[in-house]
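Chemist: Dropping a structure here in structure tokens format, bear with me for questions.
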Amino acid sequence: MTEFERSTQKTEKKDGKFVSVMKKIFVHNIGWKLLALGTSAVIWVLAAGLW
Amino acid sequence: MDFFGNIEKKLQTPGGIAACVFDILLTAVLIYGIIVFLKKNNAVKLAAYLLPLTVIGVVLSSEELGLTVIGTVMSYSLVLAVVAIILLFPQEARRGLLKLASPKETHEAYTTEYDVTDDQLHSAIGDIVRAAQNMSKKNVGALIVVSTHGVPGHILDSGTTLDAVLSGALLESIFNTKAPLHDGAVFVRGNRIIAAGCFLPLSQSTTIDKELGTRHRAAIGVTENYNVLAVIVSEETGVISVAHRGEISRYYDSQMLTEKLEQAYGLKAVSTKKKGKRSIKGNE
């Protein structure tokens, strides 16, 4: 288990379930999630404009 | 071609806007799922090709451009992508299908997040070091893989799942030459032994010292492919070695091994000072 994983677990314990779920959705891996959202938006704009 | 006119038409009604948001979110979830899959299989770099290709595919397959052949190919690209993933990751695809077929039976032990304190990790490290030293004195061969990130599932499948609390006695029992699980690697995560008797991919490197046997080659092989650390005890010489990122370092004493494991577990900062150990490049 990495230092990051252990610190994440400690934070989850401190925060409570709701906050930890919110953090899981909006904080963890946020870079990749934004990349996915950005790509998805670009695809939608292109598809809507061209198809 | 009225590019912006087409977009405007789709966003005229509240229903259209809602459909657009829903569409973008669902596509984002799909893309994120693919990224996570690639990340788990150490192939996240593929995303750098796949994402732009998808965008290009959307443009090329548009009817407005009139590119019939490439447009048709691109419109079937989803099917092609599924076939490509199955060809590139046959083991993972098989495991995923098996998981769908029997979700209760598979791999819960591999994905469990263990609640481990620093003291428990120090104790686990102490147990590994003591066991390695004892086996070294008795010339008992051992291969212990410490996984600090993801655990490669198909390798675990090749062994026997244990999911037991790590102890020196248990490690020594597993590697006892008369025990059925001694011929293979033990996988450790946190303070638990996840599996034993696992078969590892052998390194194909030609630069590995000829005096090193299959156990060492397997340790180098697994560290070339996955972000893990392997501790090897030689059966012939009793020498303790550590393999990491495709390189093997030999002649570890208890202090050096403790430090290396503490670094792997994130309990100690990585030191830049080398301690005179012989390093043999396994992957160039």
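Those sequence lines, one after another, are chains X and W.
Counting with our numbering, you get residues 70 to 120 for the letters of the first sequence.
Counting with our numbering, you get residues 1122 to 1405 for the letters of the second sequence.
Glycine included, each C-beta is placed from N, C-alpha and C at the ideal position.
Please read these numbers as outputs of a predicted model, since none were measured by experiment.
(1) Taking 8 Å as the threshold (beta carbon to beta carbon), is W/Ile1206 in contact with chain X?
(2) Measure the alpha-carbon distance for W/Ser1244 versus X/Ser109 and round it to whole angstroms.
(3) Look at W/Leu1242 and W/Leu1388 and say whether their C-beta atoms are less than 8 Å apart.
(4) What residues are listed by DSSP as bridge partners for W/Ser1362?
(5) Could you check where the alpha helix (DSSP H) with W/Ala1300 kicks off and where it finishes?
(6) Using 8 Å as the Cβ pair cut-off and three pairs as the minimum, do the stretch 1191–1210 of chain W and the stretch 1134–1145 of chain W touch?
(7) Which residues in chain W sit within 8 Å of X/Val111, going by Cβ to Cβ distance?
(8) Quick check on the DSSP output: the alpha helix (DSSP H) that includes W/Gly1137 runs from which residue to which?
(9) Looking only at DSSP bridge pairs, what is X/Val96 linked to?
(10) To the nearest whole angstrom, what separates the beta carbons of W/Asn1127 and X/Ala117, a pair I think is in contact under 8 Å?
(11) Tell me, please, whether the CB atom of W/Thr1148 is closer than 8 Å to any CB atom in chain X?
(12) Measure from the C-beta of X/Gly118 to each C-beta in chain W and report whether the shortest distance is under 8 Å.
(13) Are W/Leu1302 and W/Gly1318 touching if we call contact CB-CB under 8 Å?
(14) Roughly how many whole angstroms lie between the Cα atoms of W/Arg1371 and W/Val1363?
(15) Residues of chain W with CB closer than 7 Å to the CB of X/Val114, please, in chain order.
(16) Which value, in whole angstroms, describes the spacing of the CA atoms of W/Ala1230 and W/Lys1258?
Modeler: Looking at the coordinates:
(1) no
(2) 47 Å
(3) yes
(4) W/Ile1353
(5) Looking at the DSSP string, W/Ala1300 is not in any alpha helix (DSSP H), and its letter there is neither H nor E.
(6) no
(7) Val1176
(8) 1135–1161
(9) According to DSSP, which records beta bridges pairwise, X/Val96 is partnered with nothing at all.
(10) 6 Å
(11) yes
(12) yes
(13) yes
(14) 6 Å
(15) Ile1128
(16) A caution first: W/Ala1230 carries a pLDDT of 35, below 50, which makes its placement in the model unreliable, though a value can still be read off. Cα to Cα, W/Ala1230 sits roughly 33 Å from W/Lys1258.
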